[in-house]
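Participant: Residues -21 to -1, 1 to 240, numbered by mature numbering (1 follows the signal peptide of the UniProt record, and there is no 0), are exactly what the sequence shown covers, in order.
Handing you a structure now.
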Amino acid sequence: MKSVFGCALFLFAFLLSCTEQKSRSVASPHGADCTEIKASSPQASSGVYVVQPVRGKASFKVYCEMRADGGWTVFQRRSGASVAFNRNWAAYKNGFGDLTQDHWLGLRKVFSLTKNKTRKWILRVDLWDHEGGNAFAQYKNFRLGNEGTGFKLHVGKFKGNAGDAIRGAYAGIDQNGFGFSTIDHDNDGCSPCIFGDISQMECSFSAGGGWWFSRCGSASLNGDWHPAGDHIGWASGLHWETWKTRAPYSLKATRMMIKSV
Ligand SMILES: [Ca+2]
């Protein structure tokens, strides 16, 4: 009886060690960015992966949106009010939220991905409204400047059906080439800005969150989230004013992500 028990114990230990070895051998794919991961592992599904940017100092986790047109590294997602976006410079620089849900990856990480000049990057912005509609904006040659430039936004040629809200609905509010602003870090070009009878010093204060504001402008996706029925009329909110021209309309959900080419 004792030896039967011993055998059973041995068998259990053997099976356990086999299972452990099997789980160890399944290494999750990694690469410089989600595009590289998708290219080397075409079957890889959307989820959290570790990336090590080319010439980047450190590796870090990102959410990869794996699509037929390649792997996209997500750096912004909004879908509700659970993660607050009214945060300061340090938070926008370092990132916040949950990678599998609403989050901001962090300007420093996006910079470290896009500073490699041997690759070009496409920015895709996905937008969802409260009525079941969606639209997108895509930009070639996306990159950010370093922290000394305020993580200045650079975008190239636009395509999409949401309109080019980064360059703006009218002249003088082009966000391309502007640094990032938060409530404690002012790069917005307002000192002050005059809108009708309103004088404004800081776009971040009325928008609620940080952005590459240019005399405020037509795009602002990090403002306060507002639910259906209460999403119209807010100066804060998730705005893409070349799509929702009956401004101010706060979007239901947004996603910003980049792909290397
Ligand atoms: Ca200002």
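Idealized CB from N, CA, C, for every residue including glycine.
Because the structure is a prediction, the values reported are computed rather than measured.
What are the start and end residues of the alpha helix (DSSP H) that includes residue 191?
Facilitator: As a first step, residue 191 must be located in the sequence shown, where it is residue number 212. Per DSSP, residue 191 belongs to no alpha helix (DSSP H) and is neither H nor E.
Participant: Mind checking which residues open and close the beta strand (DSSP E) that includes residue 169?
Facilitator: If you number the sequence shown from 1, residue 169 lands on position 190. Run containing residue 169: none; DSSP gives neither H nor E here.
Participant: Please classify residue 173 as buried or exposed, where buried requires at least 16 neighbouring CB atoms within 10 angstroms.
Facilitator: Residue numbering aside, residue 173 sits at position 194 when the sequence shown is read from its first letter. So residue 173 ends up on the exposed side.
Participant: Below 8 Å on the Cβ atoms is my guess for residue 210 versus residue 239; work out the distance and round it to an integer in Å.
Facilitator: As a working mapping, residue 210 is identified with position 231 in the sequence shown. As a working mapping, residue 239 is identified with position 260 in the sequence shown. No, residue 210 and residue 239 are not in contact; Cβ-Cβ is about 34 Å, not under 8 Å.
Participant: Regarding residue 165 and ligand 1, is the C-beta to nearest heavy atom distance less than 6 Å?
Facilitator: Your numbering for residue 165 matches position 186 in the sequence shown. Within the cutoff, so yes.
Participant: To the nearest angstrom, how far is it from the Cα of residue 56 to the Cα of residue 232?
Facilitator: Looking up residue 56 in the sequence shown gives position 77. Looking up residue 232 in the sequence shown gives position 253. About 8 Å.
Participant: So is the beta-carbon of residue 180 under 6 Å away from any non-hydrogen atom of ligand 1?
Facilitator: Position 201 of the sequence shown, counted from the first residue, corresponds to residue 180. Result yes, Cβ under 6 Å from ligand 1.
Participant: Please name the residue in 137, 98, 122 and 88 whose C-alpha comes closest to that of residue 37.
Facilitator: Numbered from 1 along the sequence shown, position 58 holds the residue referred to as residue 37. Closest option to residue 37, Cα to Cα, is 88.
Participant: Could you check whether the Cβ of residue 195 sits closer than 6 Å to any heavy atom belonging to ligand 1?
Facilitator: In the sequence shown, residue 195 corresponds to position 216, counting from 1. The answer is no for residue 195.
Participant: Closest to residue 196 by CA distance: which of 203, 204 and 186 is it?
Facilitator: Working through the sequence shown from its first residue, we reach residue 196 at position 217. Of 203, 204 and 186, the residue nearest in Cα terms is 186.
Participant: Around the Cβ of residue 28, are there at least 16 other Cβ atoms within 10 angstroms (buried) or fewer (exposed)?
Facilitator: Within the sequence shown, numbered from 1, the residue matching residue 28 stands at position 49. Buried is the call here.
Participant: Taking the alpha-carbon of residue 194 as reference, which of 204, 157 and 66 has the nearest alpha-carbon?
Facilitator: Stepping through the sequence shown from its first residue, residue 194 is reached at position 215. Checking every option, the nearest Cα to that of residue 194 belongs to 157.
Participant: Which whole runs of the beta strand (DSSP E) in the segment 103 to 146 are 3 residues long or more, in chain order?
Facilitator: 113 to 118 and 137 to 139
Participant: Give me the Cβ distance between residue 8 and residue 23, rounded to the nearest whole Å; I'm assuming they're in contact under 8 Å.
Facilitator: Indexing the sequence shown from 1 puts residue 8 at position 29. Indexing the sequence shown from 1 puts residue 23 at position 44. Going by Cβ atoms, the distance from residue 8 to residue 23 rounds to 6 Å, so yes, they are a contact pair.
Participant: Classify residue 36 as helix, strand or coil using the three-state DSSP reduction.
Facilitator: For the purposes of this step, residue 36 is taken as the residue at position 57 of the sequence shown. Residue 36: coil per DSSP, three-state reduction.
Participant: What is the DSSP secondary structure of residue 101, counted as helix, strand or coil?
Facilitator: The residue labelled residue 101 in the question sits at position 122 within the sequence shown. The answer is strand: DSSP assigns residue 101 an E or B state.
Participant: Residue 101 and residue 119: beta carbons closer than 7 Å?
Facilitator: Reading the sequence shown from its first residue, position 122 is the one you call residue 101. Reading the sequence shown from its first residue, position 140 is the one you call residue 119. Yes; because the gap between Cβ atoms is below 7 Å, this pair is in contact.
Participant: Among the candidates 34, 64, 86 and 98, whose CA atom is the shortest distance from the CA of residue 14?
Facilitator: The residue you call residue 14 lines up with position 35 of the sequence shown. Answer by Cα proximity: 98.
Participant: Does the separation of the CB atoms of residue 76 and residue 68 fall below 7 Å?
Facilitator: Within the sequence shown, residue 76 is the residue found at index 97, counting from 1. Within the sequence shown, residue 68 is the residue found at index 89, counting from 1. No, Cβ-Cβ distance for residue 76 and residue 68 is not below 7 Å.
Participant: With a threshold of 8 Å, are at least 3 pairs of Cβ atoms found where one atom belongs to the segment 163 to 172 and the other to the segment 135 to 144?
Facilitator: no
Participant: Report yes if the CB atom of residue 132 is closer than 7 Å to the CB atom of residue 190, and no otherwise.
Facilitator: Position 153 of the sequence shown holds residue 132. Position 211 of the sequence shown holds residue 190. No, the Cβ-Cβ distance between residue 132 and residue 190 is not below 7 Å.
Participant: Hey, quick one: how far does the beta strand (DSSP E) through residue 71 stretch, first residue to last?
Facilitator: For the purposes of this step, residue 71 is taken as residue 92 along the sequence shown, with counting starting at 1. Unbroken run through residue 71 is the alpha helix (DSSP H), 68 to 73; no beta strand (DSSP E).
Participant: Under a three-way DSSP split, which group does residue 221 fall into?
Facilitator: Numbered from 1 along the sequence shown, position 242 holds the residue referred to as residue 221. DSSP places residue 221 in coil when its eight states are reduced to three.
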